[in-house]
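Residue numbers (the numbering used here), protein chains in the order written: chain A, 1 to 382; chain B, 1 to 382.
Where is the CB? At the ideal position from N, CA and C, for every residue including glycine.
Quantities reported herein were computed from a predicted structural model and do not represent experimental measurements.
These notes are about the structure you will find just below.
Number of protein chains: 2
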Amino acid sequence: MQHRIFILLLTLVTFASATLGAQTEEAGVPASTNIPGREYPRILPDKRVKFRIHAPEAESLQIDLMKKYDMQQDTGGYWTVTTEPVVEGFHYYSLIADGIPLMDPNSQTFYGMGRMASGIDIPDTDMDYYQPHHVPHGQIRSVNYHSDITQAWRRAYVYTPPGYDNNTDTRYPVLYLQHGGGEDETGWPNQGKADLILDNLIASGEAEPMIVVMDRGYATDPDREVDPNAGFMGGNVFSEVLVEEIIPMVDSTFRTIPDREHRAMAGLSMGGFQTFQTTMTNLDKFAYVGGFSGAAFVRDGNLTEMYDGVWADADAFNDRVKVMYVSIGTDEPERMYQGVNAFHGMLEDAGIDHVYYESPGTGHEWQTWRRSLRQFASLLFE
Amino acid sequence: MQHRIFILLLTLVTFASATLGAQTEEAGVPASTNIPGREYPRILPDKRVKFRIHAPEAESLQIDLMKKYDMQQDTGGYWTVTTEPVVEGFHYYSLIADGIPLMDPNSQTFYGMGRMASGIDIPDTDMDYYQPHHVPHGQIRSVNYHSDITQAWRRAYVYTPPGYDNNTDTRYPVLYLQHGGGEDETGWPNQGKADLILDNLIASGEAEPMIVVMDRGYATDPDREVDPNAGFMGGNVFSEVLVEEIIPMVDSTFRTIPDREHRAMAGLSMGGFQTFQTTMTNLDKFAYVGGFSGAAFVRDGNLTEMYDGVWADADAFNDRVKVMYVSIGTDEPERMYQGVNAFHGMLEDAGIDHVYYESPGTGHEWQTWRRSLRQFASLLFE
């Protein structure tokens, strides 16, 4: 008598491993953002990307990666397309099937564009700083906490630096690090590789060991009426949640140094705007400020009236704020580039000390923000 | 002069918040597994599920949730379908567009079926044990480590119980908890809600505070030839990686009690097989064993010859192993149910102490495994 236990288990495992078996003679390498074992999309030596999808029943398929590419039906029901060379760094992309922007089943998924999306990471000549190396590694911790303001459970990702668990007498400074619009708290851990960037900077002595808190930039108070004229961030009470709930939660949960000289905030795009909105009205709580591809929303060019006149007295401001950092990619959309560059000019005209960085050749994307984090983190808590 | 900084930022934020605005008068509630703010899929009071996708250009669309349902085109380019009542618990599902099983853009994504997949969680009458409550919460930590055997960087998720950071003199027992075939180390944290189950069990005193390690059940040694006759787990060296690399890494990184009386292993489906394969040949390292919808792969019904005869001397085995736990859902595919049930019968015939549990009304899915973890965790380290 033979007991053939787990026949269906066998089927599942075979199914899983079948995806690992497809070896090809093709040039290039599978993207690091693929599901492990998937051969496509492949990044060719000249940074063109070849996509391949099995879809014998499809009428037409497209890949939307910076621009739309029509796929061509191959033999055996495979659809393929090779793109133009793609700029280095991480890009969201879509598979368009039946006219709907969807996810490529070959790709891992990332929260961006207001939904889960496919992503592809094109190698950069300077990418060592966000690769895993044989150095001490920190951890990213998922922390559930209840927010009374939003009347909801929320999740923060918290990077603790190497040695945090062993050096139990050591307290650490904290960087609050925000994602952009259409993204969420998974952005910096996944797309941004914040943990690897910090691990490597700390190992080389370029950054101080620090805690990094990556929370969700969306927050609404269900009891509060939203003024319909409040503008594009109307109803978003994240600044309030951060100052009144998240910072106290972090200070009581982790071994922080809970004062302004050891607290920084930075964010990208929408998160950069939130950073300025939060820090400039709470300078008793923050001494370091970073806006990556997004900073203050200066109306009428009148810097000195912003945020209750925080920039009216440049000397006082420069004395108070240890580092203010503003960055932009040179290939961002013109209005974004002009906006941040103009803000930089206004700061300079007003005598406000700040570090300004332009990321060469990158757009409103994660490669600009990885580079910005690398720089900004190295300036903190010295 | 007016500086309209961040026009495109505005566009992004508007795009993100547009998804939050769609209020409907429809019955039911948005699934908890939806992208926040998405109204569909909606779970109706009788557990039918209504899906809705905007796809004005589509020719035909289907939802594949346990079975395939044709969607119908509504006015304004919306496609909808309402399923039959769906059994409680978490299910993977697909949106079929252009004939390809893809992900519903309304859903969060989960690694299952060997790729990222959509998921829907149908409320259960008994679901309090995996909901967040006002009790102390543990953390799930993402730990990067290098594996010399596989010559690769790997990631473990490690649950640390409430109080871990404060009780720095306390050491904890460890449960190694594995996912199934086609899933990965994200399964237990995301689909399984392992952290919430443990938080609630620990808060009520039903389980001892413990560390839970959730690693990736796939591991290959690039230098090793795989015997083509080695069977369905041929070439998978996970047991070796666990015993030689993961356990030492965990014992040196966390405050564990590093002996067999304080070490358990359990897994579901393929992970249950791996659990028995690992623990039965390493009883000097494990005292607690759990197989959820998957356990030993008994050839020829000859229990006593398995694993170097570990079950030949029932008294010795019963003395050595504190808890052996075997479970199955009553609605699993017949051969799976029969396989595990037969294994249970063989253990009984051989006088091998074990706990056997049948999850009523659930299949080869996460609801069976959440219930199993709840039971198994409460039996550990007493």
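> Rounded to a whole number of angstroms, what is the C-alpha to C-alpha distance between A:Y176 and B:F343?
Replying inline: Within the first sequence, numbered from 1, the residue matching residue 176 of chain A stands at position 176. Within the second sequence, numbered from 1, the residue matching residue 343 of chain B stands at position 343. C-alpha separation (whole angstroms): 52 Å.
> Hey, is A:M103's beta-carbon within less than 8 Å of any beta-carbon in chain B?
Replying inline: As a working mapping, residue 103 of chain A is identified with position 103 in the first sequence. So yes, A:M103 belongs to the interface.
>> Taking its Cβ as the centre, do 16 or more other Cβ atoms sit within 10 Å of B:H134, making it buried, or is it exposed?
In response: Your numbering for residue 134 of chain B matches position 134 in the second sequence. Burial call: exposed.
>> So, under 8 Å CB-CB, B:S142 and B:I35 are touching, yes? Tell me the CB distance rounded to an integer number of Å.
In response: Locating residue 142 of chain B in the second sequence gives position 142, where the first residue counts as 1. Locating residue 35 of chain B in the second sequence gives position 35, where the first residue counts as 1. About 22 Å separates the two Cβ atoms, so there is no contact after all.
> Which stretch, first to last residue, makes up the beta strand (DSSP E) that contains B:L95?
Replying inline: For this step, residue 95 of chain B is matched to residue 95 along the second sequence. First-last of the beta strand (DSSP E) with B:L95: G89 to A97.
> In angstroms, rounded to a whole number, what distance separates the CA positions of B:A219 and B:F238?
Replying inline: The sequence position of residue 219 of chain B within the second sequence is 219, counting from 1. The sequence position of residue 238 of chain B within the second sequence is 238, counting from 1. Near 5 Å, if we compare the C-alpha coordinates of B:F238 and B:A219.
>> Quick check: B:L198 and B:G138, are their CB atoms within less than 8 Å of each other?
In response: Taking the first residue of the second sequence as position 1, residue 198 of chain B is located at position 198. Taking the first residue of the second sequence as position 1, residue 138 of chain B is located at position 138. Against a cut-off of 8 Å, the Cβ pair of B:G138 and B:L198 comes out as a contact.
> Can you name the residues that DSSP bridges to A:E382?
Replying inline: By 1-based counting over the first sequence, the position of residue 382 of chain A is 382. A:E382 is not bridged to any residue.
> Would A:Q72 be called buried (16 or more neighbouring beta carbons within 10 Å of its own) or exposed?
Replying inline: Within the first sequence, residue 72 of chain A is the residue found at index 72, counting from 1. Result: exposed.
> Mind checking if B:G99 is an interface residue toward chain A, Cβ cutoff 8 Å exclusive?
Replying inline: Translated into the one-based positions of the second sequence, residue 99 of chain B becomes position 99. True, the Cβ-Cβ gap to chain A drops below 8 Å.
> Where do the N-terminal and C-terminal ends of the beta strand (DSSP E) with A:P101 fall, by residue?
Replying inline: Locating residue 101 of chain A in the first sequence gives position 101, counting from the first residue. Looking at the DSSP string, the run of the beta strand (DSSP E) that includes A:P101 is I100 to L102.
>> So, with DSSP's three-state summary, where would you put A:F51?
In response: Within the first sequence, numbered from 1, the residue matching residue 51 of chain A stands at position 51. If DSSP states are grouped into helix, strand and coil, A:F51 belongs with the strands.
> Quick one: Cα of A:V321 to Cα of A:W366, how far?
Replying inline: Looking up residue 321 of chain A in the first sequence gives position 321. Looking up residue 366 of chain A in the first sequence gives position 366. When rounded, the distance between both Cα atoms is 26 Å.
> What residues from chain B crowd round A:W153, counting only those whose CB sits closer than 8 Å?
Replying inline: Along the first sequence, read from residue 1 onward, the residue named residue 153 of chain A stands at position 153. Residues of chain B passing the Cβ test: P132.
> How is the alpha helix (DSSP H) around A:R320 delimited, first residue to last?
Replying inline: Along the first sequence, one-based indexing puts residue 320 of chain A at 320. Counting along the chain, the alpha helix (DSSP H) containing A:R320 begins and ends at A314 to R320.
> Closest Cβ-Cβ distance between A:Q139 and chain B: below 8 Å?
Replying inline: As a first step, residue 139 of chain A must be located in the first sequence, where it is residue number 139. Output row for A:Q139: interface = yes.
>> Check for me: the beta strand (DSSP E) holding A:F292 runs from which residue to which?
In response: By 1-based counting over the first sequence, the position of residue 292 of chain A is 292. Unbroken beta strand (DSSP E) run through A:F292: Y288 to F292.
> Going along chain B, which residues have a C-beta under 8 Å from A:I53?
Replying inline: Within the first sequence, the letter at position 53 stands for residue 53 of chain A. Chain B residues near A:I53: I100.
>> In whole angstroms, give me the CA-to-CA distance for B:E59 and A:E57.
In response: By 1-based counting over the second sequence, the position of residue 59 of chain B is 59. By 1-based counting over the first sequence, the position of residue 57 of chain A is 57. Using only the alpha carbons, I get a separation of about 12 Å.
>> If distances are taken between C-alpha atoms only, which option among A:E245, A:E26 and A:G114 comes closest to A:T80?
In response: For the purposes of this step, residue 80 of chain A is identified with residue 80 of the first sequence, where counting begins at 1. Of A:E245, A:E26 and A:G114, the residue nearest in Cα terms is A:E26.
>> On the DSSP letters alone, give me the boundaries of the beta strand (DSSP E) that B:I328 sits inside.
In response: The residue labelled residue 328 of chain B in the question sits at position 328 within the second sequence. Segment V323 to G329, the beta strand (DSSP E) holding B:I328.
> Interface residues of chain A around B:E57 at Cβ under 7 Å?
Replying inline: Counted from its first residue, the second sequence places residue 57 of chain B at position 57. What B:E57 touches in chain A: D98 and G99.
> Is B:F297 helix, strand or coil when you go by DSSP?
Replying inline: The residue you call residue 297 of chain B lines up with position 297 of the second sequence. Here B:F297 sits in coil by DSSP.
>> Can you find the residues in the same chain that come closer than 7 Å, C-beta to C-beta, to A:F297, ignoring five residues on each side of it along the sequence?
In response: Locating residue 297 of chain A in the first sequence gives position 297, where the first residue counts as 1. Cβ neighbours of A:F297 beyond the five flanking positions: F273.
> When the Cα of A:L373 is compared with those of A:I202, A:D300 and A:M346, which residue comes out closest?
Replying inline: Here residue 373 of chain A corresponds to residue number 373 of the first sequence, with the count starting at 1. Of A:I202, A:D300 and A:M346, the residue nearest in Cα terms is A:I202.
> If you draw a straight line from the C-alpha of B:G234 to the C-alpha of B:D223, how long is it?
Replying inline: The residue you call residue 234 of chain B lines up with position 234 of the second sequence. The residue you call residue 223 of chain B lines up with position 223 of the second sequence. The alpha-carbon atoms of B:G234 and B:D223 are separated by roughly 14 Å.
> Counting contacts by CB-CB distance shorter than 8 Å, is A:M306 in contact with chain B?
Replying inline: Working through the first sequence from its first residue, we reach residue 306 of chain A at position 306. Not closer than 8 Å to any Cβ of chain B, the Cβ of A:M306 fails to qualify, so no.
>> Between B:F15 and chain A, is the shortest Cβ-Cβ distance under 8 Å, so that the two count as touching?
In response: For the purposes of this step, residue 15 of chain B is identified with residue 15 of the second sequence, where counting begins at 1. At B:F15, the pLDDT of 41 sits below 50, so the modelled position is not reliable and the matter cannot be decided from this model.
>> Under 8 Å, Cβ to Cβ, is there at least one residue of chain A near B:N34?
In response: Translated into the one-based positions of the second sequence, residue 34 of chain B becomes position 34. Not one chain A Cβ lies under 8 Å of B:N34.
>> As a quick exercise: from B:D300, B:T278, B:G301 and B:R299, pick the residue whose alpha carbon is nearest that of B:G290.
In response: Here residue 290 of chain B refers to the residue found at position 290 when the second sequence is read from its first residue. Minimum Cα distance to B:G290 is reached at B:T278.
>> If we require 4 or more residues per run, which alpha helix (DSSP H) segments fall completely within the stretch 162-211 of chain A?
In response: 187-190 and 194-203
> Taking just the CA atoms, how far does B:L347 sit from A:I383?
Replying inline: Lying before the first or after the last residue shown, residue 383 of chain A is absent from chain A, which here runs from 1 to 382.
>> Quick check: is the beta carbon of B:R42 nearer than 8 Å to any beta carbon in chain A?
In response: Here the question's residue 42 of chain B lines up with position 42 in the second sequence. Interface criterion not met: the Cβ of B:R42 is under 8 Å from no Cβ in chain A.
>> If contacts are defined as beta-carbon pairs under 8 Å, then A:Y159 and A:D215 qualify, I think. What distance do you get, rounded to the angstrom?
In response: On the first sequence, residue 159 of chain A is found 159 positions in, with the first residue counted as 1. On the first sequence, residue 215 of chain A is found 215 positions in, with the first residue counted as 1. A:Y159 to A:D215, Cβ: 12 Å. No contact.
>> With a threshold of 8 Å, are at least 3 pairs of Cβ atoms found where one atom belongs to the stretch 92-109 of chain A and the other to the stretch 35-44 of chain A?
In response: Verdict: yes, contact present.
>> Give me the DSSP bridge partner(s) of B:Y129.
In response: Translated into positions along the second sequence, residue 129 of chain B becomes position 129. Bridge partners of B:Y129: none, in fact.
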